[in-house]
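In this text, residue positions in the sequence shown follow the working numbering: the first is 103, and each later residue adds one. Virtual Cβ for every residue (Gly too), placed ideally from N, Cα, C. The next block holds one structure in the form of structure tokens; read it before the comments.
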Amino acid sequence: MAVAKILFISDNLLNEGLGIMSLSSYVKAKGHAVDLTMLTDHPTTESVLAHIRASKPDLVGFSVMTPQVEAFRPLTAVIKEKLGLPIIWGGAHCMFMTEQVATYPGIDYICIGEGEEALLDVMDRLGSGRDCLDVAGLWSRREDGAWQKNPVGNLEPLDQYPPPDRELYYDRYPLLAGMGVKRFMTQRGCPYKCSYCFEPAMADMYDGKGKLVRRRSVDLVLEEIKATVTKYPTRQVHFSDDTFNLNKKWVHEFCSRYKQAIGLPFSCNISVQIIDEPLVAALKAAGCRGVVFGLETGVEETRMKTLSKPIPNATYLETCRLLRKYGIHYVSNIMFALPNETLEHAIESIKFNRELKPLGTKTCILKMYKGTKLADEALAKNWCEAEGEFTYKSRDVDGSHPHLENILWAGYLLVVIPGLIHFAKPILTSRWSRYFRWLILVQHIQDLILFNITPIQALVFFWKSRKTFLHGIAGRQDDDYQEQGRADDKKAA
Numbered sequence: 103m104a105v106a107k108i109l110f111i112s113d114n115l116l117n118e119g120l121g122i123m124s125l126s127s128y129v130k131a132k133g134h135a136v137d138l139t140m141l142t143d144h145p146t147t148e149s150v151l152a153h154i155r156a157s158k159p160d161l162v163g164f165s166v167m168t169p170q171v172e173a174f175r176p177l178t179a180v181i182k183e184k185l186g187l188p189i190i191w192g193g194a195h196c197m198f199m200t201e202q203v204a205t206y207p208g209i210d211y212i213c214i215g216e217g218e219e220a221l222l223d224v225m226d227r228l229g230s231g232r233d234c235l236d237v238a239g240l241w242s243r244r245e246d247g248a249w250q251k252n253p254v255g256n257l258e259p260l261d262q263y264p265p266p267d268r269e270l271y272y273d274r275y276p277l278l279a280g281m282g283v284k285r286f287m288t289q290r291g292c293p294y295k296c297s298y299c300f301e302p303a304m305a306d307m308y309d310g311k312g313k314l315v316r317r318r319s320v321d322l323v324l325e326e327i328k329a330t331v332t333k334y335p336t337r338q339v340h341f342s343d344d345t346f347n348l349n350k351k352w353v354h355e356f357c358s359r360y361k362q363a364i365g366l367p368f369s370c371n372i373s374v375q376i377i378d379e380p381l382v383a384a385l386k387a388a389g390c391r392g393v394v395f396g397l398e399t400g401v402e403e404t405r406m407k408t409l410s411k412p413i414p415n416a417t418y419l420e421t422c423r424l425l426r427k428y429g430i431h432y433v434s435n436i437m438f439a440l441p442n443e444t445l446e447h448a449i450e451s452i453k454f455n456r457e458l459k460p461l462g463t464k465t466c467i468l469k470m471y472k473g474t475k476l477a478d479e480a481l482a483k484n485w486c487e488a489e490g491e492f493t494y495k496s497r498d499v500d501g502s503h504p505h506l507e508n509i510l511w512a513g514y515l516l517v518v519i520p521g522l523i524h525f526a527k528p529i530l531t532s533r534w535s536r537y538f539r540w541l542i543l544v545q546h547i548q549d550l551i552l553f554n555i556t557p558i559q560a561l562v563f564f565w566k567s568r569k570t571f572l573h574g575i576a577g578r579q580d581d582d583y584q585e586q587g588r589a590d591d592k593k594a595a
């Protein structure tokens with residue numbers, strides 16, 4: 103088998119790409135070569151093309167979240183026009199909006215599911231000069247321009263894959279290597295059916311193809327963490343799993359061994375509906391410093407009916423009581439501009455969030471992605487209107503949406519500053535509020551605490567990534583990078 107080389111192109115340095123690193127380690131283990139470059143490395147498109155020429159790849163790859171399409175789609179067309187190289191797209195956008203992706207010029211292959219086996223098959227065939235028309239989980243463009251559409255293959259056990267290729271990012275970008283928090287994934291798949299999420303569609307696509315929710319063995323997870331923290335400076339471990347506390351038996355075994363094997367503080371995403379006091383105690387004893395959970399809204403009826411998240415407010419209150427009892431920090435994720443949400447509903451949501459007494463809260467404006475259950479329902483019931491190529495936004499039922507955007511900078515402050523909630527309405531509706539957009543940066547204080555990041559590291563990271571951060575302050579605050587970051591480090595169910 104001849105060696106093939108793929109060059110991955112990513113967009114910014116906010117996080118190392120766990121998906122790209124996982125693909126890289128697998129194809130490298132099978133004898134192929136991998137390169138990586140960031141758009142932030144290149145001031146012009148010509149600079150990107152020069153890097154590609156110097157790298158001499160057989161394949162150019164993009165792992166795409168929907169907000170990245172705006173950058174990656176025109177670049178893909180230019181690469182095809184100027185260099186004529188094979189190009190593959192994968193990632194969440196391709197899984198969920200495959201038909202749209204198939205209309206983009208320049209793309210030869212679309213990976214519609216988990217990528218390891220499909221990408222390896224493509225690279226094996228490119229190395230030996232064979233076509234890719236029958237690769238499972240891959241749409242391939244035929245010579246006549248039509249697409250050969252192959253269904254996904256079977257889901258494989260995660261223990262058969264090597265750990266992510268951290269050298270791909272860390273050796274090229276010392277900023278990431280030097281960050282004190284390192285991210286890990288122990289599982290894939292989500293059993294929940296939240297109406298705003300693409301995971302239910304993923305479950306439908308893989309129906310009959312094997313077990314969707316899979317987890318790596320405790321042994322292999324600990325081996326990966328130990329190898330990483332031995333090689334790279336690490337102050338804290340973060341588990342980016344959708345819901346770390348799935349499978350209590352696994353979590354208890356992990357916690358019983360983590361303290362002795364690793365000994366560093368860690369944080370994770372949890373679901374409040376499947377946690378109890380013995381599990382909270384085990385997390386604390388193992389070194390859990392903080393958790394993140396999805397509240398989504400403080401209005402119980404909206405959460406349970408509109409968002410298909412059947413967790414009552416009482417469950418959140420009890421979970422937070424347990425977390426406080428054991429001294430574990432917690433941060434809530436919450437959305438605004440939900441279907442039929444008024445300003446009063448939004449303030450009610452903030453008030454309930456305050457009752458939970460979190461370390462902080464992460465706020466965003468809801469984007470209903472076309473094809474999700476929520477988007478379909480909202481469209482049928484006239485709850486929404488078109489927002490762009492891929493999303494709908496809720497109809498503004500009381501003229502409050504311009505004010506709800508102010509929650510992106512004020513929401514954190516309204517939750518953590520005692521008494522400020524009494525002034526929520528004048529703060530959110532003030533004509534001067536646009537001059538306070540920079541306060542959105544204040545919410546990163548909770549990140550410093552939760553993830554054990556030193557102020558010096560934070561300042562360096564902010565300076566190196568300042569264009570991405572400041573984009574959301576200078577323009578609309580519900581900017582794409584905030585949405586992308588939340589999706590990459592997926593909020594808990």
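Annotated as proximal: Met287 and Ser342, with beta-carbon spacing under 7 Å. Counting along the chain, Gln548 sits inside the alpha helix (DSSP H) bounded by residues 547-552. When rounded, the separation of the alpha-carbon atoms in Ser127 and Lys483 is 46 Å.
Note that the stretch 546-554 does not touch the stretch 262-278; fewer than 3 beta-carbon pairs, one per stretch, sit closer than 8 Å. In the same chain as Asp261, and ignoring 5 residues on each side of it, the C-beta atoms closer than 8 Å to its own belong to Arg318, Ser319, Leu322, in chain order. Around the C-beta of Pro412, fewer than 16 other C-beta atoms lie within 10 Å, and the residue is accordingly described as exposed. DSSP places Phe492 in no alpha helix (DSSP H); its state is neither H nor E. DSSP places Lys361 in the helix class (H, G or I) of the three-state scheme.
For the options Met406, Lys427, Lys475, Gly400, the alpha carbon positioned closest to that of Thr444 is the one of Gly400.
Counting C-beta atoms within 10 angstroms of its own C-beta, Lys495 has 16 or more neighbours from the protein chains shown and is therefore classed as buried. If you draw a straight line from the Cα of Asn508 to the Cα of Phe300, it is about 27 Å long. Following the DSSP letters along the chain, one finds Ser124 inside the alpha helix (DSSP H) bounded by residues 120-131. Per the C-alpha coordinates, the member of Gln545, Val203, Ala480 positioned closest to Thr408 is Ala480. Cα atoms of Gln289 and Glu489: separation of roughly 33 Å, rounded to the nearest angstrom. Collapsing the DSSP output to three states places Thr332 in a helix. Per the Cβ contact rule, the stretch 187-199 is not in contact with the stretch 134-147 (fewer than 3 Cβ pairs under 8 Å). In the DSSP secondary-structure assignment, Asn371 is bridged to Val394.
Between the beta-carbon of Val374 and that of Thr417 there is about 5 Å, and that keeps the pair under the 8 Å contact cut. The beta carbon of Arg274 lies closer than 7 Å to those of Leu138 in the same chain, with the five residues before and after it left out. Just so you know, the alpha carbons of Thr345 and Asn442 end up roughly 28 Å apart.
The C-alpha of Phe110 is placed about 11 Å away from the C-alpha of Val166. In this structure, DSSP gives Met199 a state outside helix and strand, which the three-state scheme calls coil.
A contact between stretches requires three or more CB pairs, one per stretch, nearer than 8 Å, and the stretch 468-479 fails this requirement with the stretch 528-542. At a Cβ-Cβ threshold of 7 Å, Gly239 and Ala220 count as neighbours. In this structure Gly215 is not in contact with Met199, their Cβ atoms being roughly 14 Å apart against a cut-off of 8 Å. Here the alpha carbon of Pro335 sits roughly 16 Å from the alpha carbon of Glu325. Under the 8 Å Cβ criterion, the stretch 240-259 does not count as touching the stretch 167-183, having fewer than three qualifying pairs. Straight-line spacing of the CA atoms in Ile449 and Gln202 works out to 37 Å. Apart from sequence neighbours up to five positions away, the residues of its chain that approach Leu348 with a beta-carbon distance below 8 Å are Gln289, Pro293, Val315, Arg317, Ser373, Ile376, ordered along the chain. Taking Ala104 as the centre and dropping the five residues before and after it, the same chain places the C-beta of Gly229, Ser230 closer than 7 Å to its C-beta, in chain order.
Assignment of beta strand (DSSP E) within the stretch 479-534, counting only whole runs of 3 or more residues, yields 486-488, 493-496 in chain order.
Taking a 10 Å sphere around the C-beta of Trp565, we find fewer than 16 other C-beta atoms and assign the residue as exposed. Uninterrupted alpha helix (DSSP H) stretches at least 4 residues long and entirely within the stretch 413-482 occur at 415-427, 445-457, 475-482, given in chain order.
For the options Arg285, Ser410, Leu397, the alpha carbon positioned closest to that of Leu458 is the one of Leu397.
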